[in-house]
Amino acid sequence: MSTSPSRPHRRRRSLSAGIAALTAIALAAAGCTNSEEVGIPEEPPLSVDAVPEIAAMVPEGIANSGALVVGTNTPYAPNEFKNDAGEIIGFDIEIIDVVAETMGLRADIREADFEKIIPSIETGTFDAGISSMTVTAEREEVVDMARYFMGGTQWAARVDRDVDPDNACGLRVAVQRTTVQDTDDIPARSKKCEAEGKPAIEKVQYDEQDQVGSAVALGQVDAMSADSPVSAFVVEKAEGQVELVGELVDAEPYGIAMAKDSPLGEAVVAALQHLADSGVLGKIAERWGVQEGLLTEEPSLG
């Protein structure tokens, strides 16, 4: 995002009364509560018509199948998580749904471990991947990534913890495994601590993002480091018991990953541009409260 999400200014309840609400964050992210509680939009998702000239850009094998097979990893609310029925929903999912429709396809969403999405694209198991995936030089060595959103790293902590991300030496900080917070943010901050003769940050890794939120909620860690829309979602649903701490840093684009040098990449970029021009991307972002992160420049491949 170009700017940091606003810090909520809510009256604090007692911490004991807030424990249930904090724990509910993890349940919400996992799709284990009702739609009103987790902030699922009441209106049905948007649907669009195919654009013939964009559909013609799709590789023949994918076009003939009628489906775009897409890997994602849940739970990472509000971008990708499950509703009460076990269906994968969220901002990212609605984006890839309308991208596929623009190309004359339907999106066939497949759940996978985050670290297996790109290898599955390389082997042809998935045609694409969308999972709040930050565009990095390392990832672009093996896949093409069509940019569609700007996210950054944002810390969050319970309001009863005194946490400064710039002075977090010796603290326990939760991250989802293989995210940029795991591979870049915490290691860099921890290295700085050690260089100053201070204790390293204790990085606590979890396989799923709901486990990160739960660890913060239950006081098992001092803070969490996650993508800005995710941290903002946790804060929004915590009813004043969790707050954003520090500033938004390392704002980078999210990308839809596809096989390297495949014609599919240009088709997806064309679909994103059409959806941006028609206002559909903006409407989807507003539905999920993440409109601040929409790209201001034209969608592109790296």
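Take the sequence shown: its letters are residues -28 to -1, 1 to 274, numbered as in mature numbering (1 follows the signal peptide of the UniProt record, and there is no 0). Quick reminder that beta carbons are idealized off the backbone N, C-alpha and C, glycines included. The structure displayed is predicted, hence computed values, not measured ones.
message: Taking 7 Å as the threshold (C-beta atoms), are residue 90 and residue 115 in contact?
response: Mapped onto the sequence shown, residue 115 falls at position 143. Mapped onto the sequence shown, residue 90 falls at position 118. Yes, the pair counts as a contact, with Cβ atoms nearer than the cut-off.
- prompt: Ordered along the chain, which non-local residues of its own chain (more than five positions away) have a Cβ less than 6 Å from that of residue 172?
  reply: The residue you call residue 172 lines up with position 200 of the sequence shown. Once the five neighbours on either side are set aside, the close Cβ partners of residue 172 are 162, 165 and 166.
query: Between which two residues does the beta strand (DSSP E) carrying residue 220 extend?
result: Here residue 220 is taken as the residue at index 248 of the sequence shown, counted from 1. Residue 220 -> beta strand (DSSP E) spans 214 to 231.
message: Taking the alpha carbon of residue 224 as the reference point, which residue from 152, 243, 174 and 233 has its own alpha carbon closest?
response: Numbered from its first residue, the sequence shown carries residue 224 at position 252. Answer by Cα proximity: 152.
message: If you reduce the DSSP assignment to three classes, tell me which class residue 133 lands in.
response: For the purposes of this step, residue 133 is taken as residue 161 along the sequence shown, with counting starting at 1. Residue 133: coil per DSSP, three-state reduction.
query: Can you give the beta carbon distance from residue 228 to residue 68, rounded, assuming they're within the 8 Å contact cut?
result: Position 256 of the sequence shown holds residue 228. Position 96 of the sequence shown holds residue 68. That belief holds up - the Cβ atoms of residue 228 and residue 68 are roughly 7 Å apart, short of 8 Å.
field: residue 178 - partner residues in DSSP beta bridges
entry: Reading the sequence shown from its first residue, position 206 is the one you call residue 178. According to DSSP, residue 178 bridges with 148.
query: Where do the N-terminal and C-terminal ends of the beta strand (DSSP E) with residue 142 fall, by residue?
result: Residue 142 sits at position 170 when you count from the first residue of the sequence shown. Where residue 142 is concerned, there is no enclosing beta strand (DSSP E), given that its DSSP letter is neither H nor E.
query: Does residue 251 get closer than 7 Å to chain B when you measure Cβ to Cβ?
result: Although the question refers to chain B, the structure presented lacks it and comprises just one protein chain.
query: Taking the alpha carbon of residue 104 as the point to measure from, which residue in 195, 181 and 24 has its own alpha carbon closest?
result: To locate residue 104, count along the sequence shown from 1; it is residue 132. Minimum Cα distance to residue 104 is reached at 181.
field: alpha helix (DSSP H) segment containing residue 194, residue limits
entry: As a first step, residue 194 is located in the sequence shown; it is residue number 222 there, counting from the start. It is not in any alpha helix (DSSP H) - residue 194 carries neither H nor E in the DSSP assignment.
DSSP bridge partner residues for residue 260 (one or two, in chain order): Against the sequence shown, residue 260 aligns to sequence position 288. None, per the DSSP bridge assignment.
- request: Taking only runs that begin and end inside the region 31 to 63, name each unbroken alpha helix (DSSP H) of 4 or more residues, in chain order.
  value: 32 to 37
query: Can you tell me where the alpha helix (DSSP H) with residue 243 in it begins and where it stops?
result: By one-based count along the sequence shown, residue 243 stands at place 271. Here the alpha helix (DSSP H) through residue 243 covers 235 to 249.
message: I need the straight-line Cα distance from residue 150 to residue 16, nearest angstrom please.
response: For the purposes of this step, residue 150 is taken as residue 178 along the sequence shown, with counting starting at 1. For the purposes of this step, residue 16 is taken as residue 44 along the sequence shown, with counting starting at 1. For residue 150 and residue 16, the distance between alpha carbons rounds to 33 Å.
message: How far does the beta strand (DSSP E) with residue 79 in it extend, from its first residue to its last?
response: If you number the sequence shown from 1, residue 79 lands on position 107. 78 to 83 is the extent of the beta strand (DSSP E) around residue 79.
query: residue 96 and residue 44 look like a contact to me (Cβ under 8 Å); what is the Cβ gap, rounded to whole Å?
result: Within the sequence shown, the letter at position 124 stands for residue 96. Within the sequence shown, the letter at position 72 stands for residue 44. Actually they are not in contact, since the Cβ atoms of residue 96 and residue 44 sit about 17 Å apart, beyond 8 Å.
field: Rounded Cβ spacing between residue 158 and residue 99 (contact assumed at less than 8 Å)
entry: As a position in the sequence shown, residue 158 is number 186, starting the count at 1. As a position in the sequence shown, residue 99 is number 127, starting the count at 1. So it is not a contact: roughly 32 Å between Cβ atoms.
Separation of residue 189 from residue 127, as counted between CA atoms: Here residue 127 is taken as the residue at index 155 of the sequence shown, counted from 1. Here residue 189 is taken as the residue at index 217 of the sequence shown, counted from 1. Looking at the two C-alpha atoms, the distance is approximately 14 Å.
- prompt: From the DSSP output, which residues share a beta bridge with residue 266?
  reply: Working through the sequence shown from its first residue, we reach residue 266 at position 294. Answer is 121, bridged to residue 266.
query: Which word fits residue 194, buried or exposed, when buried means at least 16 other C-beta atoms lie within 10 angstroms of its C-beta?
result: Within the sequence shown, numbered from 1, the residue matching residue 194 stands at position 222. Classification for residue 194: buried.
- prompt: On the premise that residue 121 lies in contact with residue 266, defined as a C-beta separation below 8 Å, what is that separation, rounded to the nearest angstrom?
  reply: Here the question's residue 266 lines up with position 294 in the sequence shown. Here the question's residue 121 lines up with position 149 in the sequence shown. The pair is a contact, with the Cβ atoms about 7 Å apart (cut-off 8 Å).
- prompt: When DSSP builds the beta bridges, which residues end up paired with residue 116?
  reply: Taking the sequence shown and counting its residues from 1, the one referred to as residue 116 is at position 144. Its beta-bridge partners are 230.
query: Does the region 234 to 248 come within contact of the region 23 to 31, defined as at least 3 CB pairs closer than 8 Å?
result: yes
task: Check residue 106 in the structure and name its three-state DSSP category.
output: Start at 1 with the first residue of the sequence shown, and residue 106 comes out as number 134. Three-state DSSP puts residue 106 in a strand.
- request: Check each candidate in 38, 64 and 39 and name the one with the smallest Cα separation from residue 46.
  value: To locate residue 46, count along the sequence shown from 1; it is residue 74. Ranking the options by Cα distance to residue 46, first place goes to 64.
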